[in-house]
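First up is the structure itself, then whatever we jot down about it.
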């Protein structure tokens, strides 16, 4: 049992090692099959552990592998613990991960670096499992950094394109900023509680004296700072939209379904700390809501099919963060689940669309239009029926149309906002309308109307390895809502009950028909409005109907000018200051110092080596002199009164 | 008969050597790999015996011999090093025409000396064990004669080694004079009441010289770079790992057990030697262009890190030393394995000869990279855990400056270790080098891969070994 | 009976002479003989101390030192002969191809 708990991590790791060692000789299909099998096996194990957790008396399975770090007071074991929350995350990671692996076999076909792709992908799954199975903050951080590394490697996977490499670097730098906050938070936890294990920390936090509540606020805000990096919240969300430069399965797996939810997971995991820091909760709720609003607004006017989804992801992550801040932990986790289903589906379907759009280029070698630009699409409904159907299901789920999954989870967060914070409710409500609008706009532009380019008119449906995962995910996007139905329905609040052992009992409300009805009507109206606007969009060169909004359109299309703002406010002054300092110090000072130390060290090295003359007698002489010195030293200490 | 159990592992080495010496006469010249195989079996048997005896403690032969956890750990370690060195020797020695029976026989004799050090409970036994270890090594260094570098290496090692033995035995004589005792526990008992303390400390100082020479501690390290460079690489690998381990156990026996109460005199000296050794080793390696010589200096530097643990003393310091010895051995063997594998025929020792190894021999490049990272002490390698334990033990007893020097010199070492990796991975291979796709499953490759894997495994899951080592250290008698 | 100290001082002198001679002679055989002198200085000290403590341990040690010295001679002479064969010289200063 002890060792078995490691198996879900070891399987993808084994897949990775096999592919890394022998992949070059196995051929791409075998590599893909090995990677997929490894993740599928991990999924089977996750199911097994899910059942184990359900049956265990304390609703957890744990394994301890001896001390990992053992400094004076700091004792961090190699400890893993699967509880209800971890088990749920494991199912998402390995389940959706497995589907995306399968999809990748088709998607990466013909790419010469397929082997490396699957190696990274398996490593990612292993790291992400480490993150959610860790039983202490330090091991969680290890997983946290490893998934960041995989993300960086995969964003820049096609690094020959400079833009991709830059996107990878941006993700890396921005995430490090968040990580600094996270590390500080972990250090402060250790300073405050003298432990890093979840169990110890949370137990001690419960009994913390009221006067040290301020520390908890700081800790919570620092942890949240880490989450703003990984889960793409203001002000650090700028990396995620660029991250879509990576291959589409990566966007689906890492940048929509799993890794970006690590911040949410970490916050839910630390809910004990959050509950004792009401100020921090309010900050979190507000940051989440503002992020959701701002990103939703940007998504309205984007042309790139993946950019829309990227901003939509940031926006939906904002929903989850707001849910955490509002104290609706079950709602946040529920939305995390359903979002994983329908956003992975949307990304994979988008990838399928892009593949379809590239069909012409692949068959004839002609390359005339950007396959990701929605202006070049249109009318794909007839060419790619499965992709169309699944994409629409995913889109409607995202828009919050009942009875699809997104409706139920989004409603839970909106209901929580209605109970506690009108400001958040307004922000999230407007965002919900935006969401429905850009979903309608996207679906109509891509699948309906007449083709607006040659590529679109020659598009073709993709292979079954790609469409089968789409169908499975679409089914999940339809049925996902069953996981946590409101009170009054059969099997109500299953997820809430399931998570009770981790986050305690949360009040479970019946469906607020007025509220839900209002938002459904709003969403339908927004979709209808989008369709009516874009019916008249028939030529790829036409201007966006939304441009009539003038400055507002500019604000949305240019992403609030945030990139420019960051450049002007942060990066430029930083460079200016740096070059100023460089002129003053570097050339004479720091540079001189660094070079000086380096040169001095080298000089010492060379001098030292001159003593090594090669003559055995000089070696003997130095040995003798050393002996004399040691004897003299021993006698010296003796005559200085030091006696045994 | 019962007493023989106390020296069973060294006895297996020694008897194996004697028997093999005669058996080898019947083995034709071109089938010497048979001798190698038998030597490997003997070595493995000794290691296995030590592991099976784990937990045994006691003394015998009128107090000349004792056995405890550290002794058995050393037996097992040198036994494993012996097997792995033989694993590397088959290919390398055959290529250089030194696949001779006496090579393996001499190795077994040397191993018996190393193992005996752990069991020694008397200055006489320690002296004998050290000589039994050294004399075969003098010959092994020169076994590639008439190659000039091998002969030069052997001659330098022999002259300086004998010179250092003089210091050792004279120091032992003085300690005997001061205490009237030769057994380690006897010395410890009479230490307090000794009437001639000056004689005692001079004797201790001279023994430190003699043993410091064996572990290549500065300023008694001068022989190391030349001898390591000139000796056949498999012998170098053997010397830098097994000899160092045995030497440190000898230091531990003499200073930790016999002269433990004199610690306030010798511990500052150990700290000073440790600092000097770390600086000289790392500085010397910094500007080397010869890989083998760089590894020799690196071996000196690691003696410095190990001395830090002895200077710190206590269970935590000694535990750090006993953990670091196998950690260092694994990394060092991996490095030498990769080095001997990278070239067919004549070996090119310059670092530039390894340019582009990641493309020509990706497997070996990886082994070498792991070795370099472990020597540098980057997590998650064994080197990191070991260095961490050593530095921590120094800080615990207030030797903060020493730990700082350790960290700073480790930073310096980053330059030369990473340069090897950069050369292998980011420079174009020299022209005309064939690209090997994957590695043929050879004994050599298995040996190198095991060493590299051990460096990683001990870094990720150090707990079992640390626990065993702690148990062994607390059983020192 | 002579005091042990005399012997110890003599042994120390012999040891020092041996050590210095070992470093000033260029001939490998002379160097080696000087090292033998160092070992014999230790032997003298051991015997003297054995007498002082009225024990046999020290004398026993001497026999082992002599045995070890003999085996060192065997190996050392073999090495010197081997080097003489390839270089026609026993001058240790000729051996300095490896340095730095």
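Residue numbers (this note's numbering), protein chains in the order written: chain V, 1 to 644; chain R, 645 to 1121; chain B, 1122 to 1221.
The beta carbon of each residue, even a glycine, is placed where N, CA and C say it ideally should be.
No experiment lies behind these values; they were computed from the predicted model shown.
Determine the DSSP secondary structure at residue i, reduced to helix, strand or coil.
| i | result |
| --- | --- |
| residue 1041 of chain R | coil |
| residue 450 of chain V | coil |
| residue 132 of chain V | helix |
| residue 854 of chain R | helix |
| residue 81 of chain V | strand |
| residue 702 of chain R | strand |
| residue 510 of chain V | strand |
| residue 401 of chain V | coil |
| residue 413 of chain V | helix |
| residue 537 of chain V | coil |
| residue 727 of chain R | helix |
| residue 1196 of chain B | helix |
| residue 1019 of chain R | helix |
Please report the distance separating the alpha-carbon of residue i from that of residue j.
| i | j | result |
| --- | --- | --- |
| residue 494 of chain V | residue 484 of chain V | 5 Å |
| residue 305 of chain V | residue 329 of chain V | 31 Å |
| residue 920 of chain R | residue 603 of chain V | 17 Å |
| residue 899 of chain R | residue 113 of chain V | 58 Å |
| residue 1117 of chain R | residue 805 of chain R | 29 Å |
| residue 905 of chain R | residue 199 of chain V | 45 Å |
| residue 931 of chain R | residue 629 of chain V | 28 Å |
| residue 894 of chain R | residue 270 of chain V | 52 Å |
| residue 555 of chain V | residue 566 of chain V | 15 Å |
| residue 1175 of chain B | residue 1046 of chain R | 44 Å |
| residue 201 of chain V | residue 90 of chain V | 23 Å |
| residue 970 of chain R | residue 607 of chain V | 33 Å |
| residue 601 of chain V | residue 927 of chain R | 7 Å |
Are the C-beta of residue i and some C-beta of chain B separated by less than 9 Å?
| i | result |
| --- | --- |
| residue 775 of chain R | yes |
| residue 813 of chain R | yes |
| residue 779 of chain R | yes |
| residue 869 of chain R | yes |
| residue 937 of chain R | yes |
Looking at the C-beta of residue i, does it have a partner C-beta in chain V at a distance below 9 Å?
| i | result |
| --- | --- |
| residue 1213 of chain B | yes |
| residue 931 of chain R | yes |
| residue 1216 of chain B | yes |
| residue 1221 of chain B | yes |
| residue 1163 of chain B | no |
| residue 864 of chain R | yes |
| residue 896 of chain R | no |
Using a Cβ cut-off of 9 Å (strictly closer), state whether residue i contacts chain R.
| i | result |
| --- | --- |
| residue 1181 of chain B | yes |
| residue 1209 of chain B | no |
| residue 120 of chain V | no |
Name, please, each residue of chain A whose Cβ falls closer than 8 Å to the Cβ of residue i.
| i | result |
| --- | --- |
| residue 786 of chain R | No chain A is present in this structure, whose protein chains are V, R and B. |
Assign residue i to buried or exposed, taking buried as 16 or more other Cβ atoms, counted over all protein chains shown, within 10 Å of its Cβ.
| i | result |
| --- | --- |
| residue 135 of chain V | buried |
| residue 250 of chain V | buried |
| residue 339 of chain V | buried |
| residue 141 of chain V | buried |
| residue 923 of chain R | buried |
| residue 302 of chain V | buried |
| residue 1212 of chain B | exposed |
Legend entry - Under 8 Å (Cβ pairs) to chain B, residues found in the stretch 790-801 of chain R: The residues in question are 790, 792, 793, 795, 796, 797, 798, 799 and 800.
Legend entry - Contact list for the stretch 604-617 of chain V against chain B, Cβ threshold 8 Å: 609, 610, 612, 613, 614, 615, 616 and 617
Legend entry - Short-range partners of chain B found in the stretch 1048-1066 of chain R, where Cβ spacing is below 7 Å: none
Inset, instruction - Taking a Cβ distance cut-off of 7 Å, strictly less, list which residues of the stretch 618-633 of chain V are near chain B, in chain order. - result: 620, 621 and 624
Inset, instruction - Return the residues of the stretch 1135-1147 of chain B that lie within a Cβ-Cβ distance of less than 9 Å from chain R, sorted by chain order. - result: 1136, 1139, 1140, 1143 and 1144
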